[in-house]
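Okay, structure first, notes after.
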Amino acid sequence: KYSSRESAAEESNLSEEEMLQMAADFLGEDSAALRLEYEYEGEGHKRCFSLGDSFVCVSGKGVDSMGQSRLVGESKLSPEEAQKAAEDFLASKDYVNLKLVSSRESGNTLLMGFAEYSDDILCLNNALSISIAMDDGSVHAFNAENYYPDAEHDLQWNIDSAQAEEELPSSLTLEENRRVCIESPGG
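Numbering (my numbering), first residue to last: 2 to 188.
Shown next, in the form of structure tokens:
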């Protein structure tokens, strides 16, 4: 709660017009078509806009979340096709250096979690989620409230890959080796 991420998000003060334009761009629509649903002062100075059955919430750091209230029809896409749709969407919105860390079907949607992946390090606490409607491949839900694209990590490793492998019990076989970080509540 007291990490530098929170203060960085609060420092960014987007104007009302910038927030509206950011929401419109995210939906690929004209800003005049969006309607302000609610706003509140406080952390991030959040504004939520709607258009039809879609909504987008924007805070001082940018787009936090997006969702649709429509019912998703019968699945026509495979999980692999839905994952590709999610990856394409994220790339189109400049969400880069992400790796899929979780995936599960829920109804006729595929909910996926992506975490920051750079310099061969998977940062699990710098993550976002996206849900793809498997009837048409559209984004049904998106949440980036816990994603900070400019996060800086001061990582120091006490052990290298070979040393870590040596510590495994002989009854285990190593299938994959990677570095993973997660920030503790105190930073």
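Quick reminder that beta carbons are idealized off the backbone N, C-alpha and C, glycines included. Small disclaimer: the values here were computed from a predicted structure and weren't measured.
Short check: CB of residue i to CB of residue j, under 7 Å?
{"i": "Val59", "j": "Met23", "result": "yes"}
{"i": "Ala128", "j": "Asn147", "result": "yes"}
{"i": "His190", "j": "Thr110", "result": "One cannot answer for residue 190 here, as it falls past the ends of the chain, which runs 2 to 188."}
On the premise that residue j lies in contact with residue i, defined as a C-beta separation below 8 Å, what is that separation, rounded to the nearest angstrom?
{"i": "Gly138", "j": "Ala86", "result": "4 Å"}
{"i": "Lys47", "j": "Glu38", "result": "Actually they are not in contact, since the Cβ atoms of Lys47 and Glu38 sit about 11 Å apart, beyond 8 Å."}
{"i": "Met67", "j": "Phe27", "result": "6 Å"}
Residue i by DSSP, collapsed to three states: which one?
{"i": "Leu35", "result": "coil"}
{"i": "Met135", "result": "coil"}
{"i": "Gln157", "result": "coil"}
{"i": "Glu18", "result": "helix"}
{"i": "Leu91", "result": "helix"}
{"i": "Leu28", "result": "helix"}
Here's the rule I'm using: 16 or more other beta-carbon atoms within 10 Å means buried, otherwise exposed. How should residue i be labelled?
{"i": "Leu181", "result": "Looking at the sequence shown, residue 181 is not Leu but Val. That one is exposed."}
{"i": "Ser91", "result": "Note that residue 91 is Leu in the sequence shown here, rather than Ser. Buried: at least 16 other Cβ atoms inside 10 Å."}
{"i": "Val97", "result": "exposed"}
{"i": "Ser130", "result": "buried"}
{"i": "Glu117", "result": "buried"}
{"i": "Ile133", "result": "buried"}
{"i": "Ala83", "result": "buried"}
{"i": "Gly187", "result": "exposed"}
Subject >> At least 3 beta-carbon pairs within less than 8 Å: the region 78 to 98 vs the region 48 to 58 >> reply: The count of Cβ pairs closer than 8 Å, one atom from the region 78 to 98 and one from the region 48 to 58, stays below three, leaving the stretches out of contact.
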